[in-house]
Every structure is written in C-alpha cells, then in structure tokens.
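Right, one structure below, let's go through it.
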Amino acid sequence: MTPAQAAAGADAWNLDQLAFDVFARNCPSRGTLEHITGRWGGLTLGALHDSSLRFNELRRRVDGVSEKMLSQTLHALERDGLVHREAQPTNPPRVDYSLTPLGREVSERLLSLITCVEDRMEDVLKARARYDEARGAR
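Residue 137, in numbering that gives the first Met the number 0, is where the sequence shown stops; the numbers in between run on with no holes.
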C-alpha cells in the first residue's frame, strides 16, 4: 500500500485482502493510533465518554489544550470515525461533539488504561525517584 492509496481512503483498498499491521510503516492504522494516543486525542476521547460536549466545554474539560490543537484533534478523530460533530441550526450556532460507537469502544479501552495508570502512579513516582537518584549518584 502506498501513501497515495492511504490518502484516497477506504475505496482504494481491497479490504477483504488487506491485513492491517500497525507496525508496518505504511499501514493506515498507524495514523489512527497516533490520533488516539497523541497528546490530546486520548484525553479528548476520554472527556467525551460520559456525554456530548460543546467545543468550549470540551476545552475546559481537557485542561491545557489550545483552541487550535483541540480543533485539529477533533477534525482528526472525526475523520477517523471516532467523533461525531453535530451543528445545531441556532443563532448563535451550536456544535456538539459526541462519540460514535467506534469512538465509545476505543474510549472505554483508553479509560481502562487511564485508570490503571492513575491507580499505579505511586509506583511510577517511586520508580522515577529511584531512577533520578541512581542517575544523580553517578
């Protein structure tokens, strides 16, 4: 598969004969994994897990993300079929973001990982302290 095929979308693929392998350089699953596991993708999916949110609600929930980065993240996740964007015909316009069924499945797995990390942060902090102490002692 070539990058041009990847850019062309699913129509360019014979999906019955394609074996996705995230470890292969040109596999389209790698880009999706990057969108999900990037700095803001996982946090955005996690924030949308419980309910749909408007842009500014989402920005407040994902503390530290800039307007530009959140917009780019939402576009990427929407393109990957993980996030649904619904514009309401109101004045001023209202846009709600929610998870698609695929996005919900991914966010549930991410939240499991997040819970694991949060539950083990004491161990992580101790490991960091040991590492820093050993490196400083050299």
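Using N, Cα and C, we set each Cβ at its ideal position, and we do this for glycine too.
Going by alpha carbons, who is nearest to L101 out of T72, E77, Q71 and G37? E77
Three-pair Cβ contact test at 8 Å for the region 93-108 versus the region 120-137: no
Decide if the region 54-69 is in contact with the region 124-134; the criterion is three or more beta carbon pairs, one per stretch, under 8 Å apart. no
Of the residues L109, R134, N25 and T99, the one placed nearest G37, counting alpha carbons only: L109
Looking at L47 and A98, is the spacing between their C-beta atoms short of 7 Å? For the sequence presented, residue 98 should be read as Leu rather than Ala. A contact, by the Cβ cut-off of 7 Å.
Is the separation between the beta-carbon of T31 and that of D62 shorter than 7 Å? no
Cross-strand partners of D95 (DSSP beta bridge): R53 and E85
Identify whether D79 lies in helix, strand or coil by the three-state DSSP scheme. coil
Helix, strand or coil, according to DSSP, for A133 in the structure here? helix
Please classify L115: does DSSP put it in a helix, a strand, or coil? At residue 115 the sequence reads Cys, which differs from the Leu that was named. It is helical.
By the three-class DSSP mapping on this structure, what secondary structure does L44 have? helix
Taking only the alpha-carbon atoms, compute the straight-line gap between H34 and Q87 and give it to the nearest angstrom. 26 Å
Verify the contact flag: N90, CB atom, against every heavy atom of the ligand FMN, threshold strictly below 6 Å. The ligand FMN is not part of the structure shown, which contains no ligands of any sort.
For S28, the first and last residue of its enclosing alpha helix (DSSP H): P27 to T36
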